[in-house]
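Notes follow once the structure below has been shown.
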Amino acid sequence: MQEIKLTASLKEGYVVENESRGLTWYSDEPKSMGGTDDGPTPSELLLSSMASCKLITMRMYANRKEWDFQGASISLSMGEKSEKTVVEKSIEFQGDLSKDQIEGLKVISGRCPVAKMLRNSFEFKFV
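The number in the working numbering is simply the position in the sequence shown, starting from 1, with 13 added.
Pasting the structure below:
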């Protein structure tokens, strides 16, 4: 995996400015949690990262296989289930795909780099 660098700075309230590769985006908390609702929550960003990675991985795989993959939509939801966080997903596919191709795409979606990273957990080191 390529090295990824990100800088995050706490702004006013709970607003966080994130920057990587010259791109800037914000995260925040909803008003009900004391934030200003100026961006997605960190958990929403995490789900967004997973969904984006799964979609891109499926596109790359289908392109290599030369399948008629016109696109897909993923819905993810995250919640606590008996001391473990569970992410439930639903995928809708577009294109002329067989059942076997759809099953293959579902399997490959679980092999995206972000899913692998989260499944194997992280090691945090102060530098």
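Ideal placement from N, C-alpha and C gives every residue a C-beta, glycine not left out.
Asked: Round the Cβ separation of G26 and S40 to the nearest angstrom and send it over; I've been treating them as touching at under 8 angstroms.; Found: The Cβ separation is near 12 angstroms, so there is no contact.
Asked: Check this for me: beta carbons of M91 and S56, under 8 angstroms apart or not?; Found: yes
Asked: Hey, out of I17, F82, D50 and S111, whose CA is closest to R34's CA?; Found: I17
Asked: Between D109 and W80, what straight-line distance do the alpha-carbon atoms span, to the nearest angstrom?; Found: 8 angstroms
Asked: Using alpha carbons as the reference points, say which of N31, C66 and M46 lies closest to K129.; Found: C66
Asked: Just to confirm the assignment, what range does the alpha helix (DSSP H) spanning Q83 have?; Found: Segment: none, Q83 is in no alpha helix (DSSP H) and carries neither H nor E.
Asked: By alpha-carbon positions, which one of L89, C125, M46 and R72 ends up nearest to V99?; Found: L89
Asked: List the residues that DSSP assigns as beta-bridge partners of V28.; Found: Bridge partners of V28: none, in fact.
Asked: In whole angstroms, what separates the C-alpha of V127 from that of S61?; Found: 11 angstroms
Asked: Who are Y39's beta bridge partners in DSSP?; Found: E30
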